[in-house]
Every structure is written in C-alpha cells, then in structure tokens.
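So the sequence shown is numbered by our numbering: it starts at 1033 and just counts up by one. All C-beta atoms, glycine included, are put in the ideal place defined by N, C-alpha and C. Before any comments, here is the structure.
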Amino acid sequence: MWLRATVLANVLFLLSGKVTAQRIFDPQPPAILETPLNGTLELTSKSFQFTNCTLGGEWLKGYLSNDDLPLYVSTKLIQDGLSWVWNETGGAGELSNMEIMRWLFANITDNQANEVMATIHDFSTGEQCLDIACPILGWQGHPDLAGRGMLSTYIVQASLTTIYATVIIAMRLGWLPDKQVRKSVRMRGLSAIKHSTRTFLDASLVFSISMLVAAIVTYSRALYKDATQPSTYASLTTSYLSIYAVLPTLLLQICASNSLRRTKWRATVWGLIAALTSAVVALFYWLPYLPEQADEDGVAYRDSTGRYRLINDPESQIKWEALCVDTAMTRNFRTIIMALVIGLFVASGVSVILICTPESWRPKTIAKVWKHLWITTALICFVGMWVSLGYFLFFRELFNGKGGASNKDREWSFGQVLSMANWAPVVIEFVYIWTHGARRALTGQMMGPYEAVVVEEPGDGEEKEERRDEEQGKPYQPVTPSDSDDSGGPRDAPEQRSDAEHHHRLHCTPRGDPNLFKKLR
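And the structure:
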C-alpha cells in the first residue's frame, strides 16, 4: 500500500503539468549484479537504460486502470532497463523473471523499489514514449457527438445549407430572373429549393434545439454528487458542437427572412434558442470539475477537485488527457468557443430584427443599409459555419491520432445513423416538388377541404421599392387551379408586366371557393 500511494503521488504530480521532461539517466551497472537471489541486489535510477516504449505504455495502462502495480510488466521493464549491462557482459548475470519478482517482493516497502517504480513511470510518461504509449492507454472519444455518423450529419447539413442559401440569395438579389419556361429543369429546381426551404429550416431548428438540450443534460449530470465527470474532450465537443449547430440554421433563417411566415412563432423559437445557448455556456464555465475550472498551471489537477476527477475516472479518460493532450490546444479551443458564442448572439439579434420588422416599417432612407445588413450577416454566418466545422475536424483528428484502437469516434452507432435521418424529409420534399410542382406538393401537406392556389404579386427582390399588395391592404386575386398549368404557374402572364417582374406565391384557400381567400400574413 505504501508503494502504491507513493507512485500515485508521483502520477498526480506529473499530471499537474509541473513535470514536463524525463530525468536524465547516467546508466551505471547494479552494485551487486552477481548475487541476484539473496535479496540484496541494489538497483537505482542510474541502473536502467530503457528502450521499449511499448512495455512502458502497457505498464502505464495497467497502473492507471487498476491503481495497482502491474507486476509482470514491471518485471519485463526491469529486464529491458538492465539489458544494456548484459549486452556488455555477453549475457553473464542475466536475471530471470522469477529473480526480479523475488527482488520486488523483498523490497516492496523499501525506498529502493519505490525509486525503481518512479524511474519506470518517468520513462513511460516521457516525451519519447508518449506517441507509442498513448494509443496503448486507450481513449474512447465522444461518439455521441463526434462519431462518424454525427460528422456526416454536420457535413450534410452544411452542404445543403450552402446550396439553399446560395440559391435564395441569388433569387433575392435578382440574379436568377424568371425568364425560362416554367417546366424547364432549371425552374423546377429553383422552385423545389424555394418551396422546400421551410421544411429544411424547421428540421434545422429541431436539430439545433435537440443539440442544445442534450448539452444541458450532459452538463447537469455533473451536479450530482459522486457522478462520473465528463472528460475534457467530451465537455469541449459538447459545448462547441451544440453551439455550432445553430449556425447553419441561422444562415438559412436570415436568407429566407423575407418570405417566411409565422413571424411571431419564429421569433419565439429564436428566443428559446438564445436562452438554451446561454444555459449551455453558463454550465460550461460554472460547473465544477469541468476544464474551465483549471487555470493555466493546471491547479485543478493538484487540488481536491483535480484529485477527485482523477480518482473518479473508471475509464481513465481524464488521466489519458492529462498525459497525452497539450493544454494549449484545449485552451485555444475554449477561446474559439467564446468567439463563436459572441458572434452567434450578434447574428441571432440581427435575425430576430429581420424577422420581426415588416417592410412597411422600414424607412426608404435605410433601405440600402437594410439590404447590406442581411447579406453581410448571411456571409458572416456562411464563413463562420465552414471555418468552425473545419477547425472541429482538425481538433478531432488531433485526438484521434493518439487514441488507438479503442477510439469509438471512428465507429458508427445506432444513434448516429438515426441522426442522418433528420434530413430525409428535406430531400423527400425537394424531390416531390421537383416532380409534381409546388402547388401539388403544398396541397398534399394540408388536410381537406383546403388546397394551395397560386397568387400573382410583384417580385420580392430587395432592390424593389414597391410594396406588396397585401401591405397596401388590398386582397389577393387568386388564380384558380383551372387557370394554372401542372407546375403551379399561370398559363398567361399579365400583359402590363414582364416575366422578370413576376413570381408566384402559393396560398391556402378552401377547396372550391377561392373567393374566401383573404390576407394570410
């Protein structure tokens, strides 16, 4: 027990960050090498010249996982450390496993054995061995948020958001005028993107909220007494990815802010997201035992909090991070999290303003400023989305490179496959609108006796100064299904306007009685 406590104290001291270099060995032969069986063999730190880092990693794994001396691996390491002596003597006096074990048992409570174990520990945790020892120690990662399935989910969402945002921005700025035949492949694709945007946005909102709620639940578990604390990697990725998941949603919301309805409901949802994000950040910086509680010198690993984390670490994940992870890397990652939070709140505020402010309330003197406001915010969100995702891939790969075979971040799990299904309704809606047209697709989303009808109104480009008919208090004149083609558009455009000045909106009206249609905003 005395040896175990002494070596554990050495481990804690090393993990504090104060021990960064291996002691310099000046190998000297054992004093009584020729009489190994009498229990008087004198071994000191200068007696060894270790070369086998694989054995060092196995020794460290056995000790950290069981808090007991791995006797067999210790024996093999002592043999490895003394092999230089036997090479010089031609194998004379070479000690067997049994002889070394006998010496260990004879000196188990002696300072000599403790010094030998400390020497083995210094070798196993030295910089020259960590690249080999860390994969042997084993690291499980955080597959719930950083596994291959979740990574695929983030990439799919970011890619779809990029496509949708690009098309919507081009349509708002008038770069995609409606001059083609409405049944052309291009127009069908644009119509499918435009009218499936709401489905995509709703799916993204649900995904963002679920990520934030999951992060709060993860951190809340640390409040319970004697609860197993999350590792540094788990806590960092939980906060980072839950906050990152809001960026694609925010980008889509800003781009489509001029054509979305249910503005009060959407503003309320964004208020909820802001509250959940604040809760995640507060828990990340406030809860005990989380990495933010440690200062730059690693005090939390030396005080009672740090010892509790190390002792209450059944899977040795926190010990692995303390040995194998550069604290500067995690510190930089925390800085990026804070920058991401600040940028997210600013962009969210702009989004809420765009949602809640009707065009009729915007003075003409700031019309151009308003246009630059939404497009600038959208571009910032776009760049932030891809930069944040790219940095996470870099951060994840740094850990994965040291994780070894036990790394679960490289595996697919049942929950990760389910997360991919979150975007299936978006693809299905896009394909259906592409195939059957927007009017038929939107009608299929409603219960009878309602159906979608096409309504003609001025273009919605930001550069247009004219207001819509509904903002002037004029009722819409709906186009009945008999007057429209299969794609949902009218057969004959009004003579007084060119094709470029028109687009079509689909509204809900009771089937068979289009005259009951009123303003729906």
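Contact check between the segment 1405-1420 and the segment 1272-1292: three or more CB pairs, one atom from each, fall below 8 Å, which counts as touching.
For Gln1189, the enclosing alpha helix (DSSP H) covers residues 1180-1204. For Val1313 and Glu1443, the gap between their C-alpha atoms comes out near 29 Å.
In the DSSP annotation of this structure, the continuous segment of the alpha helix (DSSP H) that includes Trp1466 starts and ends at 1456-1468. Ile1164 is positioned such that its CB atom lies no closer than 8 Å to that of Lys1093.
A check of alpha carbon separations from Met1149 across Leu1372, Cys1166, Gly1113, Asn1129 identifies Gly1113 as the nearest. Taking a C-beta distance under 8 Å as the contact criterion, Leu1376 and Thr1269 do not qualify as a contact pair.
Its Cα nearest to that of Leu1087, the residue Leu1109 stands out among Leu1109, Pro1102, Phe1080. Residue range 1295-1318 is occupied by the alpha helix (DSSP H) that includes Thr1309. Comparing C-alpha distances from Leu1101 to each of Thr1194, Phe1137, Leu1127 shows the shortest one belongs to Phe1137. According to the DSSP assignment, Met1243 belongs to the alpha helix (DSSP H) that extends over 1229-1252.
Trp1207 counts as exposed, since fewer than 16 other C-beta atoms from the protein chains shown sit within 10 angstroms of its C-beta. Per DSSP, the continuous alpha helix (DSSP H) segment holding Thr1269 begins and ends at 1264-1276. The beta carbon of Phe1462 sits closer than 6 Å to the beta carbons of Ala1224, Ser1228 from its chain, once the five residues preceding and following it are set aside; these are given in chain order. Within the model, the alpha-carbon separation for Val1301 versus Thr1231 is close to 15 Å.
Relative to the Cα of Thr1408, the nearest Cα in the group Tyr1423, Gly1435, Leu1430, Val1378 belongs to Val1378. Here Ala1360 is exposed. Its C-beta has fewer than 16 other C-beta atoms within 10 Å. Of Arg1294, Phe1424, Gln1261, Leu1205, the smallest CA-CA separation from Ser1274 is found for Phe1424. Here His1404 carries a helix assignment [DSSP, helix/strand/coil].
Distance check between Val1238 and each of Trp1466, Ile1305, Ala1371, Ser1271 places Ile1305 closest, using alpha-carbon atoms only. The alpha-carbon separation between Met1219 and Met1478 amounts to approximately 24 Å. DSSP places Asn1364 in the helix class (H, G or I) of the three-state scheme.
Assigned with DSSP and collapsed to three states, Ser1438 falls in coil, not helix or strand. In this structure, Gln1111 lies away from Leu1096, with their beta-carbon atoms at least 8 Å apart. Between Tyr1256 and Met1243, the alpha-carbon positions lie close to 22 Å from each other. Measuring C-alpha to C-alpha distances from Val1278 to each of Val1373, Ala1254, Ser1252 identifies Val1373 as the nearest.
Between the C-alpha atoms of Asp1176 and Glu1131 there is a straight-line separation of about 48 Å. Contact between Arg1428 and Ala1178 holds, since their C-beta atoms are separated by about 6 Å, short of 8 Å. Counting of Cβ neighbours within 10 angstroms places Asp1358 among the exposed residues, the total staying below 16. Sequence-distant partners of Trp1466 (beyond 5 residues in either direction) whose C-beta falls short of 6 Å from its own C-beta, in its chain, are Arg1220, Ala1224.
Between Val1458 and Leu1222, the gap from beta carbon to beta carbon reaches 8 Å or more. CA-to-CA, the gap between Ala1484 and Phe1426 works out to about 47 Å.
With a cutoff of 8 Å on beta-carbon distance, Ile1187 and Trp1091 are scored as not near each other.
Between the C-alpha atoms of Arg1204 and Thr1194 there is a straight-line separation of about 15 Å. Rounded to whole angstroms, Leu1430 and Ser1438 show a C-alpha spacing of 15 Å.
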